[in-house]
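Each remark here refers to the structure printed beneath this line.
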Amino acid sequence: MLNAETSRLKFALYGAHDDLGNALLVELLSRQHEAVALLEDLNSISARPGLRTKPGDPFDAMRVSESVAGMDAVICLFQTPRLPAADAVTGESPRRDFYQAVESLLIGLERAKVKCLVLIADFPAIELQPEVEAALQRLVNHPLHWTLVDAPSAGNQLSVEALAEAAGKGEANPYRELQRIAAGIVDELERPQHIRQRIHFSG
Numbered sequence: 001m002l003n004a005e006t007s008r009l010k011f012a013l014y015g016a017h018d019d020l021g022n023a024l025l026v027e028l029l030s031r032q033h034e035a036v037a038l039l040e041d042l043n044s045i046s047a048r049p050g051l052r053t054k055p056g057d058p059f060d061a062m063r064v065s066e067s068v069a070g071m072d073a074v075i076c077l078f079q080t081p082r083l084p085a086a087d088a089v090t091g092e093s094p095r096r097d098f099y100q101a102v103e104s105l106l107i108g109l110e111r112a113k114v115k116c117l118v119l120i121a122d123f124p125a126i127e128l129q130p131e132v133e134a135a136l137q138r139l140v141n142h143p144l145h146w147t148l149v150d151a152p153s154a155g156n157q158l159s160v161e162a163l164a165e166a167a168g169k170g171e172a173n174p175y176r177e178l179q180r181i182a183a184g185i186v187d188e189l190e191r192p193q194h195i196r197q198r199i200h201f202s203g
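Each residue of the sequence shown is one higher than the one before, counting from 1 in full-length UniProt numbering.
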């Protein structure tokens, strides 16, 4: 629920098919924020009050700017199910690696006048890759308010409905840790404490 100090905000999410992505949707909706899942297949997520779907491609700056217009912040889970990866394209295809995603997000958010980006990835596993190092340096040199979150892909087995039902089970909730991480990320979105920093939610 919203408290007296927190207004209703609008957040766009790339990577909604990841279990953490679904946990983020549940957490955003439970706090009465508006969530927009940016998808290739708009019918791949069931409609719920407060949840909308829009077409989105994080590797195309123009499409990013169109998809995120009017949002307070954008969340992107990289290397999640149904988010295209570099090995999914041929050498003649447009670049679709981590650097291209960051570059397109920075350009697109700036065009749309969205000032906040939360980028979630398994950074300990990928940070030494040349394109990731270059992308992180690109972030450092950009004025956008960004936050990096260390989180490996949680899989894609859980639906919004399953997570919402589990959230009401208290200590019997088998997904407490996943939902605790989602809650921490939404806390950061509501009250930013780590702008232009990298954070890790320990188990």
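Beta carbons: idealized from backbone N, C-alpha and C, even for Gly. Note that the coordinates shown come from a computational prediction; the quantities given were computed from them, not determined experimentally.
- For Ile-181, which of Arg-8, Leu-20, Cys-116, Leu-189 has the nearest alpha-carbon? Leu-20
- Message: Less than 6 Å between C-beta atoms, sequence neighbours within five positions excluded: which residues of the same chain meet that for Lys-10?
- Response: Glu-34, Met-71, Asp-72
- Using three-state DSSP, classify Asp-72 as helix, strand or coil. coil
- Query: Buried or exposed: where does Gly-56 fall if 16 or more other Cβ atoms within 10 Å of its Cβ makes it buried?
  - Reply: buried
- Could you tell me if Asn-22 is buried or exposed, where buried requires 16 or more neighbouring beta carbons within 10 angstroms of its beta carbon? buried
- Top-ranked residue by Cα proximity to residue 208, from Glu-127, Arg-176, Pro-124: Limits of the chain in this structure are 1 at one end and 203 at the other, which puts residue 208 out of reach.
- State buried or exposed for Ala-61, treating a residue as buried only when at least 16 other CB atoms are found within 10 Å of its CB. buried
- Segment contact, 8 Å Cβ cut-off, at least three pairs: the stretch 42 to 56 with the stretch 179 to 197: no
- Message: Taking the alpha-carbon of Val-140 as reference, which of Leu-29, Asp-150, Leu-117, Leu-13 has the nearest alpha-carbon?
- Response: Leu-117
- Message: I believe Glu-151 touches Val-68 by the beta-carbon criterion, under 8 Å. Please report the beta-carbon distance rounded to the nearest angstrom.
- Response: According to the sequence provided, residue 151 is Ala. The question's Glu does not apply to it. Actually they are not in contact, since the Cβ atoms of Ala-151 and Val-68 sit about 21 Å apart, beyond 8 Å.
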